[in-house]
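To start, the structure itself, in structure tokens.
In the numbering used here, the protein residues as written are 9 to 328.
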């Protein structure tokens, strides 16, 4: 059994997944993802039975080059937008994923970004480290209106935390958990435009699809009050980057906190990296000592169970 392992956090973080993987007796090739299509095509020459992957470019060309040997793909995480899912279905390759393992830690990271922006923590810390005592004025979260795009697991955890801060929660999403919405007094919006109009803070927690691509754009940002904030711990492509930069420069947005970019890792001259109103973290929202072993074990046991044809698996493309 030859397996390609590409996820860095899986490899870097201690936990029981390492011992369990070694006990399988597999021939494991370790790479540092996310890998480009070109690199995946190069590696396809080695002939893998399975991928345990992150956000690598698994295109139709990659899949076809890996056949007939490639039998299964186990995704570490839940985002599938870097993978050609229709092609996996057509070619009969099961795609497994790991829902329900990182919602707490991603919500925590999102709130860390929000607090850092509204309290001016980054420039304050930078100043004190430089020996300065610069005292800028920040903002309370209490009574602020936060708009959540998506009310799945992460969106629900965001609503819980926002309520604990005394915030007013608004949300848009096809999935609507009535009990959660009632408990946390979430105002439902059936149109994204009204969500932006009602919110001083926008935080998307939805998968990247053709419908959600650049759902945060100039037309919607202009509906928000001046001096608003934007968060993003989903995918870089959920925002129109040029429109967000323009909103930051005009004062429509007071700040943008993001854990994701359109290219990862970014080029040194990426326009968001040095913008004075932007905080960028290197896609570490789900990378904690608690969450990584959960995700790693789930992706690994998915793979083991699928190979054995027994036990629980989480299949994303309906092939199993």
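Every residue gets a Cβ at the ideal spot worked out from N, C-alpha and C, and that includes glycine.
It should be emphasised that the depicted structure is a prediction, and the values quoted were computed from it without experimental measurement.
Out of the options, which has the shortest C-alpha to C-alpha gap to residue i?
| i | options | result |
| --- | --- | --- |
| residue 270 | 90, 53, 61, 19 | 90 |
| residue 170 | 115, 100, 134, 136 | 115 |
| residue 205 | 260, 196, 232 | 232 |
| residue 333 | 98, 119, 12 | Lying before the first or after the last residue shown, residue 333 is absent from the chain, which here runs from 9 to 328. |
| residue 237 | 259, 291, 96, 144 | 259 |
| residue 330 | 181, 87, 244 | The structure shown does not extend to residue 330, since the chain spans only 9 to 328, so no value can be given for it. |
| residue 131 | 49, 286, 14, 218 | 286 |
| residue 163 | 93, 173, 184, 17 | 184 |
| residue 242 | 207, 219, 291, 123 | 291 |
| residue 248 | 81, 229, 57 | 229 |
| residue 173 | 122, 203, 196, 158 | 122 |
| residue 36 | 140, 57, 280 | 57 |
| residue 210 | 45, 200, 40 | 200 |
| residue 85 | 60, 138, 23, 73 | 60 |
| residue 283 | 298, 302, 304, 261 | 261 |
| residue 227 | 244, 251, 55 | 251 |
| residue 83 | 196, 198, 107, 31 | 107 |
| residue 145 | 135, 214, 126 | 126 |
| residue 158 | 136, 197, 40 | 197 |
| residue 77 | 103, 177, 95, 55 | 55 |
| residue 48 | 40, 254, 65, 301 | 65 |
| residue 50 | 138, 202, 62, 69 | 69 |
| residue 223 | 245, 239, 264 | 245 |
| residue 96 | 71, 113, 142 | 71 |
| residue 326 | 81, 22, 41 | 81 |
Residue i: buried (16+ other C-beta within 10 angstroms of its C-beta) or exposed?
| i | result |
| --- | --- |
| residue 100 | exposed |
| residue 151 | exposed |
| residue 29 | buried |
| residue 9 | exposed |
| residue 110 | buried |
| residue 296 | buried |
| residue 235 | exposed |
| residue 179 | buried |
| residue 53 | exposed |
| residue 208 | buried |
| residue 31 | exposed |
| residue 181 | buried |
| residue 314 | buried |
| residue 293 | buried |
| residue 307 | buried |
| residue 1 | Look at the range of the chain in this structure, 9 to 328, and you will see that residue 1 is not part of it. |
| residue 44 | exposed |
Looking at the strands, I want to know which residues DSSP matches up with residue i.
| i | result |
| --- | --- |
| residue 237 | 209, 263 |
| residue 85 | None, per the DSSP bridge assignment. |
| residue 35 | 10 |
| residue 196 | 179 |
| residue 157 | 180, 212 |
| residue 300 | DSSP lists no partner for residue 300. |
| residue 287 | 265 |
| residue 323 | 104 |
Note the first and the last residue of the continuous beta strand (DSSP E) segment covering residue i.
| i | result |
| --- | --- |
| residue 178 | 176-180 |
| residue 21 | Here residue 21 belongs to no beta strand (DSSP E), and DSSP marks it neither H nor E. |
| residue 58 | 58-61 |
Mind checking which residues open and close the alpha helix (DSSP H) that includes residue i?
| i | result |
| --- | --- |
| residue 189 | 186-191 |
| residue 229 | 226-229 |
| residue 45 | 45-52 |
| residue 252 | 249-258 |
Can you give, in chain order, each stretch of the beta strand (DSSP E) that sits fully within the segment 117-145 and has at least 3 residues?
Taken in chain order, the segment 117-145 contains no complete beta strand (DSSP E) segment of 3 residues or longer.
Would you mind listing the beta strand (DSSP E) stretches within the segment 63-114 that are 3+ residues and don't spill past its ends, in chain order?
For the segment 63-114, whole beta strand (DSSP E) runs of length 3 or above, ordered along the chain, are 80-83.
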